[in-house]
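The structure under discussion appears below in the form of structure tokens.
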Amino acid sequence: MELIRERIRTGLSEQYTSSYISPVFCVAKSNGKLRLLHDFQELNKLTIKDAGLPPDSEEFVDAFSGRALYGLGDIIGGYYERKLDISTRPLTNFTCPLGILQLRGLTQGETNSFAVYQAHMTF
Numbered sequence: 142m143e144l145i146r147e148r149i150r151t152g153l154s155e156q157y158t159s160s161y162i163s164p165v166f167c168v169a170k171s172n173g174k175l176r177l178l179h180d181f182q183e184l185n186k187l188t189i190k191d192a193g194l195p196p197d198s199e200e201f202v203d204a205f206s207g208r209a210l211y212g213l214g215d216i217i218g219g220y221y222e223r224k225l226d227i228s229t230r231p232l233t234n235f236t237c238p239l240g241i242l243q244l245r246g247l248t249q250g251e252t253n254s255f256a257v258y259q260a261h262m263t264f
């Protein structure tokens, strides 16, 4: 419940009412914290796929070559930074003890989220 309250407080989710609801569930991350996951399987069946092109692997390798130190991070925040158009937000509705909420930013699991995310990646 605290995870969802935090998402509302930070503006990642907001209260809304709609007839479309996707299920959600939590999984434990390696650090013991919980990650809220959305089951968009039904929504994804109706979504027009964005073929998108993967980033140039040579550009990626060049950006990191010659570096002595690499880091590992949780990239989920990069998804949330991509704000959803207001007209598409009701499609992300989910229910919880706090009511019906909708997402305000992109999340993993939607058919086109990776294509949108990688289109905005920079090295």
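In this text, residue positions in the sequence shown follow my numbering: the first is 142, and each later residue adds one. All residues carry an ideal CB built from backbone N, CA and C; glycine is no exception. This structure is a prediction, so every number in the text was calculated from the model and none was measured.
DSSP state of residue i, grouped into three classes?
{"i": "SER154", "result": "strand"}
{"i": "LYS224", "result": "strand"}
{"i": "GLN249", "result": "coil"}
{"i": "LEU339", "result": "Because the chain spans 142 through 264 in this model, residue 339 falls outside it and cannot be assessed."}
{"i": "ALA209", "result": "coil"}
Using only CA atoms, which one of the options lies nearest to residue i?
{"i": "SER160", "options": "ARG208, ILE149, GLN243 and ASN172", "result": "GLN243"}
{"i": "GLY240", "options": "GLU155, LEU232, TYR221 and GLY219", "result": "GLU155"}
{"i": "GLY250", "options": "SER198, THR236, PHE166 and ASP226", "result": "PHE166"}
{"i": "TYR221", "options": "GLY207, LYS190 and LEU247", "result": "LEU247"}
{"i": "THR252", "options": "GLN182, ASN172 and THR158", "result": "GLN182"}
{"i": "GLY152", "options": "ARG223, MET262 and GLN259", "result": "ARG223"}
{"i": "ALA192", "options": "GLU199, PHE255 and HIS261", "result": "PHE255"}
{"i": "MET142", "options": "ARG230, CYS237, TYR157 and GLN259", "result": "CYS237"}
{"i": "HIS179", "options": "SER163, VAL202, LEU187 and GLY173", "result": "SER163"}
With a 10 Å radius around its C-beta and 16 neighbouring C-beta atoms as the bar for buried, classify residue i as buried or exposed.
{"i": "PHE205", "result": "exposed"}
{"i": "ILE145", "result": "buried"}
{"i": "ASN234", "result": "buried"}
{"i": "LEU225", "result": "buried"}
{"i": "ARG148", "result": "buried"}
{"i": "SER228", "result": "exposed"}
Using a Cβ-Cβ cut-off of 7 Å (strictly less than) and excluding sequence neighbours within five positions of residue i, which residues of its own chain qualify?
{"i": "LEU232", "result": "TYR161 and LEU184"}
{"i": "ARG176", "result": "CYS167, VAL168 and LYS170"}
Beta-carbon within less than 8 Å of residue i's beta-carbon, same chain only, minus the 5 sequence neighbours each way: which residues are those?
{"i": "TYR157", "result": "ARG230, PRO231, ASN234, ILE241, LEU242 and GLN243"}
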